[in-house]
Each structure stands twice: as structure tokens, then as C-alpha cells.
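If you count by UniProt numbering, then the sequence shown holds residues 1 to 225, one letter each, in order.
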Amino acid sequence: MRTINIFLTDPIAGELADFDNGDLRYAFARLYPDGPRRLVEGPVYAFIDWVMNDLSGLEMCRRLRSDPRMVEAHIAIVLEEDDAEDKRRVLRAGADDYVIGPLDRNAILDRVMALQAEAGQARINERLELGNLLVDLAALQARWGGRALDLRPNEFRLLHFLAQNPDRVLSRGDLIAALGKQEPPIDERTVDVWIGRLRRALRMVGAGERVRTVRSLGYVYDSYD
Numbered sequence: 001m002r003t004i005n006i007f008l009t010d011p012i013a014g015e016l017a018d019f020d021n022g023d024l025r026y027a028f029a030r031l032y033p034d035g036p037r038r039l040v041e042g043p044v045y046a047f048i049d050w051v052m053n054d055l056s057g058l059e060m061c062r063r064l065r066s067d068p069r070m071v072e073a074h075i076a077i078v079l080e081e082d083d084a085e086d087k088r089r090v091l092r093a094g095a096d097d098y099v100i101g102p103l104d105r106n107a108i109l110d111r112v113m114a115l116q117a118e119a120g121q122a123r124i125n126e127r128l129e130l131g132n133l134l135v136d137l138a139a140l141q142a143r144w145g146g147r148a149l150d151l152r153p154n155e156f157r158l159l160h161f162l163a164q165n166p167d168r169v170l171s172r173g174d175l176i177a178a179l180g181k182q183e184p185p186i187d188e189r190t191v192d193v194w195i196g197r198l199r200r201a202l203r204m205v206g207a208g209e210r211v212r213t214v215r216s217l218g219y220v221y222d223s224y225d
């Protein structure tokens, strides 16, 4: 099943149930100032509040436009009122669109489906390149310097998420949540098994010790040698 990612800065995102439509799953998630905290595997639609506690919607939009995971994202700013000057500022900040809030689940789904229909088909970020590493979603394959890594599905998705968040320490809980492995609950130590297999696969293709353990905190993918 293909995933359509719908990110919202509004905390209500955590309460919205995903929606399955044929072979598509519309998956809701919270969007934080530092970007998505889960694996981004398909098209992205982001709804950013005009006013937030930590920063403005305009600044959030600018940050997302510099995030490699959000290059193809459709970004909409959720305005509090229908103001012509605010709309112009939204578009100048790099947003694709604006909507008048408040929004609910049905309104968001209707908006995203309409955008997909207008585009003919949803865009998808199929390739991630980070130095010698290439993660190809269309082929479900990862390569290092042109050499294919021998990975099981969980390790492939784990590598994809680590590469989307290079040089950032991620806890076992972060990795389980990002890969959607919370239901049914699993032991956090299972992550150690995934990491062990991933490290062996990376060594086999000459990547060396790319995934580093940070004692008592978790793991980090080092993008620099």
C-alpha cells in the first residue's frame, strides 16, 4: 500500500485516524519545528499554522523548503482569517497554497485528494542521495558507491530514516515510532537487531562503521568520514 503523508503543525494531528482508499493510505502525523519525526516514504502535504508558539508559519515554511525530505512537499499555510496581504506573504515565503482554518479531518482529506486530482498523480520522492549512499524507493534497494546492500525490509526502511536524519542522535523509541512499529508493541531491543544487520550490510559494501552508537541515547548515521 502506498502512503500519502499529511503533516500538520496543529497538535490535533495525533488524534486523526489514517484513511485507506484503495491502494493508498493517507497517513496523518504531527509536524515539528525540526521537521518530520517519522519516515517519509511518499508524497507529502504539509499544513502549517499561521501562528505557533515556537515560530511563525512563514519561518516554518522557509525551514521546510531547505529540508531535503520536503523538497517535493506541497505546503499550505493555515490562515486565521481571509486577509489579502497575509496571502501574498504566504506565497512569497515559498508556500504553494493557503487555506482558512480551522481545519478538520474531512476538510484536509478533501483538499489533498483535490490536489492529487489536479496534478494527475501524486508526486513521490523516490531517490535519496547522501554522499556515496543511494536509497531507491522505486527499486526498494540501497546502494553504496554503486554496490547493492543486502537488506531485509525493516533494515531498508531503517536506513532510509537514518539517512533522512543524518548526524542526529535517534533513540530506539524514535526509530520504532518512525517506522510505524508501535502496534503491536515491540521490545526496543529489537532495534539493536536491526542495527546489527544494517551495520553488517554496510561493511560488506565498504561503507565502514557508518551507524554509530551513542551510549544511553541511541544511534546516529554519520554522513561524514
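Glycine included, C-beta positions come from ideal geometry on N, C-alpha and C. The structure presented is a predicted model; accordingly, all values stated were derived computationally and were not measured.
- A distance below 6 angstroms between beta-carbons, with the five flanking residues on each side excluded, links residue 143 to the following residues of its chain, in chain order: 134.
- Comparing C-alpha distances from residue 209 to each of 216, 217, 141 and 223 shows the shortest one belongs to 223.
- Every unbroken stretch of the alpha helix (DSSP H) spanning 4 or more residues and falling wholly within the UniProt domain "OmpR/PhoB-type" (125-223) is given here in chain order: 153-164, 172-178 and 190-204.
- Contact check for residue 26 against residue 109 passes: the beta carbons are separated by less than 8 angstroms.
- With respect to residue 218, residue 147 sits apart: the two C-beta atoms are not nearer than 8 angstroms.
- Beta-bridge analysis with DSSP links residue 78 to 49 and 99.
- In the three-state reduction of the DSSP assignment, residue 8 falls in the strand class.
- Judged by DSSP secondary structure, residue 86 falls outside any beta strand (DSSP E) and instead within the alpha helix (DSSP H) spanning 84-92.
- Nearest to residue 127 by C-alpha distance, out of 200, 72 and 96, is 72.
- Contact fails between the segment 16-23 and the segment 36-53, because fewer than three Cβ pairs, one in each stretch, are under 8 angstroms apart.
- Using a Cβ distance threshold of 8 angstroms, residue 35 and residue 1 do not count as a contacting pair.
- At a Cβ-Cβ threshold of 8 angstroms, residue 161 and residue 175 count as neighbours.
- Per DSSP, reduced to three states, the secondary structure at residue 38 is coil, with no helix or strand assignment.
- One thing to note: residue 64 has its Cβ no nearer than 8 angstroms to the Cβ of residue 93.
- At the C-beta level, residue 99 and residue 111 come within 8 angstroms of one another.
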